[in-house]
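Below is one structure, written out as structure tokens; comments come after it.
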Amino acid sequence: MKLAILSDIHGNLEALEAVLADIATQDIQKIYCLGDIIGYGPNPRDCVDRAMEFDLCVLGNHDQGALFDPEGFSSGAERAIFWTRRQLESPDDSVEIRQKRWTFLCELPRQHREESLLFVHGSARNPLNEYVFPEDVYNPRKLGRIFSLIPETCFQGHTHVPGVFTEDCRFLSPHEVSGCYTLNGRKTMINVGSVGQPRDGNPNASYVVLENQQRVHFRRVPYDRATTAQKIYDTPDLDNFLGDRLGEGR
């Protein structure tokens, strides 16, 4: 079986549609999303509508921020969250559609487990808010505590930087594993990167395919970044920086 796992769409419809088109070419049986469907990007309603069709979504911190008062966000991210909330409450859509979207977001689980696989947005220790960065390999105490909570393999997002964390405190970028990593029964964390706002220097949308619960394929998909950026520039409540960074992958 092939499972597509994506994260951090962040209201970027062009990136999401490009990823879904790529998924459609690969005999994928299920699509899982690791949160942050919304926030930052200019098309939150469209992205929520598509996410409602996925087989699984877990809650991200930006999704939660739209539901409640956002905490711990930068000023630009906070403004984007409040704008996103207004979009989800827009009278342009029927009450029924608006309620369906809010219900979907309200019911997202904080984590999901299937046998030896764990799916979260941030980390096994703090599913919503904890970042696990590549440089955390120099903090073995932090990684050790997180790995102690993982059954075997944890898929996560949040940092927007794809790669593999091993229990012996190594981080392997997709390039270092030639785009494919074989799970070997040892505890592993897989960051799937970001669909809508990559931050690893590569502006193409990122996601992974899990094949037969053994092989993880890292995928990068180009999309029409200029269109997404222009939508951001045309929206006063979204900082221009959010559009600028799309072309730089940062």
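Residue numbering for the sequence shown follows this note's numbering, beginning at 1166 and increasing consecutively. Glycine is no exception: its CB is placed at the ideal position from the N, C-alpha and C atoms.
CA-CA distance, residue 1328 and residue 1318? The residue you call residue 1328 lines up with position 163 of the sequence shown. The residue you call residue 1318 lines up with position 153 of the sequence shown. Each residue's alpha carbon lies about 13 Å from the other.
Own chain partners of residue 1269 with C-beta closer than 6 Å, once the 5 adjacent residues on each side are dropped: Walking along the sequence shown from the start, residue 1269 turns up at place 104. The beta carbon of residue 1269 lies closer than 6 Å to those of 1217 in the same chain, with the five residues before and after it left out.
Helix, strand or coil: how does DSSP classify residue 1398 here? Numbered from 1 along the sequence shown, position 233 holds the residue referred to as residue 1398. The answer is helix: DSSP assigns residue 1398 an H, G or I state.
Using a threshold of 7 Å, state whether the C-beta atoms of residue 1234 and residue 1200 are closer than that. For the purposes of this step, residue 1234 is identified with residue 69 of the sequence shown, where counting begins at 1. For the purposes of this step, residue 1200 is identified with residue 35 of the sequence shown, where counting begins at 1. Contact flag unset, no.
Please report the Cβ distance between residue 1362 and residue 1175, rounded to the nearest whole angstrom; I am assuming they are in contact, meaning their Cβ atoms lie under 8 Å. Walking along the sequence shown from the start, residue 1362 turns up at place 197. Walking along the sequence shown from the start, residue 1175 turns up at place 10. About 5 Å; that satisfies the 8 Å criterion.
Around the Cβ of residue 1179, are there at least 16 other Cβ atoms within 10 angstroms (buried) or fewer (exposed)? Mapped onto the sequence shown, residue 1179 falls at position 14. Answer is buried; the Cβ neighbour count reaches 16.
Around the Cβ of residue 1343, are there at least 16 other Cβ atoms within 10 angstroms (buried) or fewer (exposed)? Within the sequence shown, the letter at position 178 stands for residue 1343. Residue 1343 is classed as exposed because its beta carbon has fewer than 16 other beta carbons within 10 Å across all chains shown.
So, helix, strand or coil for residue 1355, using DSSP? Within the sequence shown, numbered from 1, the residue matching residue 1355 stands at position 190. Reduced to three states, the DSSP call for residue 1355 is strand.
Neighbourhood of residue 1209 by C-beta distance below 7 Å, restricted to the same chain and skipping five residues each side: Counting from 1 along the sequence shown, the entry for residue 1209 is found at position 44. Around residue 1209: 1176, 1203, 1249, 1252 and 1253.
Can you pull the DSSP bridge partners for residue 1169? Looking up residue 1169 in the sequence shown gives position 4. DSSP lists 1196 and 1374 as partners of residue 1169.
Taking the CB atoms as reference points, tell me whether residue 1373 and residue 1170 lie closer together than 7 Å. Counting from one through the sequence shown, the residue named residue 1373 turns up at place 208. Counting from one through the sequence shown, the residue named residue 1170 turns up at place 5. Yes, Cβ-Cβ distance for residue 1373 and residue 1170 is below 7 Å.
Return the chain-ordered list of same chain residues with a C-beta closer than 7 Å to the C-beta of residue 1307, the five sequence neighbours on each side being excluded. By one-based count along the sequence shown, residue 1307 stands at place 142. So the list reads 1301, once near-sequence residues are dropped.
With distance defined between alpha-carbon atoms, name the residue in 1215, 1405, 1413 and 1402 nearest to residue 1387. Working through the sequence shown from its first residue, we reach residue 1387 at position 222. Taking only the C-alpha atoms, the option nearest residue 1387 is 1413.
Within a Cβ cutoff of 8 Å, which residues of the same chain sit near residue 1360, ignoring the five residues on either side of it in sequence? Position 195 of the sequence shown holds residue 1360. Only 1171, 1172, 1173, 1174, 1175, 1177, 1180, 1181, 1184, 1370, 1371 and 1372 meet the Cβ criterion.
One question on the structure: do residue 1315 and residue 1288 come within less than 7 Å of each other, judged by their Cβ atoms? The count along the sequence shown starts at 1 and reaches residue 1315 at position 150. The count along the sequence shown starts at 1 and reaches residue 1288 at position 123. No, the Cβ-Cβ distance between residue 1315 and residue 1288 is not below 7 Å.
Residue 1145 versus residue 1255 - alpha carbon distance: With the chain covering only 1166 through 1415, there is no way to say anything about residue 1145.
DSSP on residue 1212, reduced to helix/strand/coil? Numbered from its first residue, the sequence shown carries residue 1212 at position 47. Note: residue 1212 maps to helix in three-state DSSP.
For residue 1320 and residue 1198, I'd like the C-alpha separation in whole angstroms. Taking the first residue of the sequence shown as 1, we reach residue 1320 at position 155. Taking the first residue of the sequence shown as 1, we reach residue 1198 at position 33. Those two C-alpha atoms are separated by around 10 Å.
Go ahead and pull the three-state DSSP assignment for residue 1407. As a first step, residue 1407 is located in the sequence shown; it is residue number 242 there, counting from the start. Residue state, collapsed to three classes: helix.
Could you name the residues of the same chain whose beta carbon sits closer than 7 Å to that of residue 1166, not counting the 5 residues immediately before and after it, in chain order? Numbered from its first residue, the sequence shown carries residue 1166 at position 1. Scanning its chain for C-beta atoms nearer than 7 Å, with the 5 sequence neighbours on each side dropped, one finds around residue 1166 the residues 1194 and 1377, in chain order.
Report all residues from its chain with a CB closer than 6 Å to the CB of residue 1206; omit the five preceding and five following residues, and keep chain order. Your numbering for residue 1206 matches position 41 in the sequence shown. Excluding positions up to five away in sequence, the list reads 1175, 1176, 1177 and 1361.
Have a look at 1260, 1304 and 1322 and flag the residue whose alpha-carbon is nearest the alpha-carbon of residue 1225. Within the sequence shown, residue 1225 is the residue found at index 60, counting from 1. Answer by Cα proximity: 1322.
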